[in-house]
Amino acid sequence: MKNIQLKRVFDFIETIEKNNNREWYTDNKSFYLDAKNDFEEFLEFVGNQLEIIDPSFHFTKAKDYTFRIYRDVRFSKNKAPYKNHFGAFLANGGRKSPMAGYYIHLEPGASFIGGGVYRPDKDYLKVIRQEMYYSFKDYEKIVLNDSFKEYFPTLMPDKLKTGPRDFPKDCDAIEWLKYKSFAVGHSISKEEIVSANFAKDVINGFSTLKPMNDFLNNAIIENV
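Heads up: the sequence shown runs through residues 1401 to 1624, numbered per my numbering.
Here it is, written out as structure tokens:
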């Protein structure tokens, strides 16, 4: 498998975390652009491999899936102008897609790969819950599978305290219906990220995630 180094990416995010100001960024923009190019080359390789394991996904250009480095500070107490991480969401429609997809997040001390659907809007959440109501046993077979749980031990704990209004509170699927996000993550270390095997590790993780995304996307495609 092709070896694409991400050391320069990690060097950049570690450095900007300590120098998060416009003067430093302007003086070192070439450092950022080199790191960005490395990340996009990595995404292009991963995206093309992802098409093989998930034929429903169609990769376009790396920039369609990557998030901008600039922070929106208008309503934040933290006025640092730049993000201290690189992130990309691989899903049909790009980084803002409402579909279930695959996520890569590189940040000092908080890197992970994962995916699913994070905080879908009400229409998408409704159809996912409807599918869950009728087919939660199929979902359980995926997320409670031993190999899935070994890689993704917990679902994102983003839940209602009680069941949603449109469903009976005593139904068998009620605990799944409480979720507001259907997403998982797997923590990764800097050592893993800069290793020669990282692309292979990411693809293996995404392969484990695929059945969950299939369930969620089938619900969305059939009902929205």
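Glycine residues also receive a C-beta, built at the ideal position from the N, C-alpha and C atoms. What you are looking at is a predicted structure, and each value in this text was computed from that prediction instead of being measured.
Nearest CA to the CA of residue i: which residue from the options?
i	options	result
Asn1613	Phe1582, Lys1429, Ala1596	Phe1582
Tyr1518	Pro1557, Tyr1482, Pro1455, Tyr1551	Pro1557
His1458	Asn1420, Ile1528, Ser1497	Ser1497
Lys1610	His1505, Tyr1539, Met1532, Leu1560	Tyr1539
Tyr1534	Lys1600, Lys1549, Ile1574	Ile1574
Leu1525	Lys1590, Ser1587, Trp1576	Trp1576
Phe1439	Ile1453, Asp1454, Ile1588, Leu1406	Leu1406
Pro1455	Leu1506, Tyr1551, Ser1607	Ser1607
Ile1404	Lys1477, Arg1471, Asn1597	Asn1597
Arg1408	Asn1545, Lys1590, Glu1622, Ala1480	Lys1590
Asp1566	Met1532, Ser1547, Thr1466, Pro1520	Met1532
Phe1467	Tyr1482, Ser1476, Arg1474, Ile1453	Tyr1482
Lys1522	Asp1546, Pro1564, Ser1547	Pro1564
Gly1493	Asn1604, Lys1461, Asn1437	Lys1461
Glu1592	Pro1508, Asp1546, Asn1545	Pro1508
Lys1549	Gly1605, Asp1601, Ala1599, Asp1427	Gly1605
On the DSSP bridge assignment, give the partners of residue i in chain order.
i	result
Ser1587	Phe1512
Lys1463	Paired residue(s): none; Lys1463 is not in a bridge.
Tyr1579	Lys1559
Assuming the contact rule is C-beta atoms closer than 8 Å, residue i and residue j should be a hit. Round their C-beta distance to whole Å, please.
i	j	result
Val1584	Gly1515	7 Å
Val1527	Ala1619	5 Å
Val1464	Arg1422	Before going on, a small fix: residue 1464 reads as Asp here, not Val. That belief does not hold up - the Cβ atoms of Asp1464 and Arg1422 are roughly 27 Å apart, past 8 Å.
Lys1561	Tyr1579	Not quite, the Cβ-Cβ distance comes to about 12 Å (not below 8 Å), so this is no contact.
Ile1469	Tyr1432	7 Å
Phe1442	Ile1542	Not confirmed; about 27 Å, so no contact.
Ala1491	Ala1500	7 Å
Phe1512	Ile1588	6 Å
Ala1552	His1505	A quick correction: the sequence has Phe, not Ala, at residue 1552. So it is not a contact: roughly 14 Å between Cβ atoms.
Arg1474	Ala1480	That belief does not hold up - the Cβ atoms of Arg1474 and Ala1480 are roughly 13 Å apart, past 8 Å.
Gln1530	Asn1617	Contact doesn't hold; Cβ gap of about 14 Å is too wide.
Ile1621	Ile1453	Not really, about 19 Å apart at Cβ, beyond 8 Å.
At a cut-off of 7 Å, would you count residue i as near the ligand PLP, judging by its Cβ distance to the nearest heavy atom?
i	result
Ala1462	This structure simply doesn't include the ligand PLP, nor any ligand for that matter.
Is there a C-beta anywhere in chain B that falls below 8 Å from the one on residue i?
i	result
Gly1487	Reference to chain B is not applicable here, since this structure consists of a single protein chain.
Entirely within the stretch 1471-1520 and at least 3 residues each: give me those beta strand (DSSP E) ranges in chain order.
Whole beta strand (DSSP E) segments, 3+ residues: 1486-1490, 1501-1506, 1512-1517.
Between the stretch 1410-1419 and the stretch 1480-1489, can you find at least three pairs of beta-carbon atoms closer than 8 Å?
The count of Cβ pairs closer than 8 Å, one atom from the stretch 1480-1489 and one from the stretch 1410-1419, reaches three, so the stretches are in contact.
Using 8 Å as the cut-off, can you tell me whether the stretch 1441-1455 makes contact with the stretch 1417-1430, which would need three or more C-beta pairs spanning the two stretches below that distance?
At 8 Å Cβ cutoff, the stretches do not touch.
What residue ranges within the stretch 1519-1544 form continuous beta strand (DSSP E) runs of no fewer than 3 residues, ordered along the chain?
Secondary structure within the stretch 1519-1544: not one fully enclosed beta strand (DSSP E) run of 3 or more consecutive residues is present.
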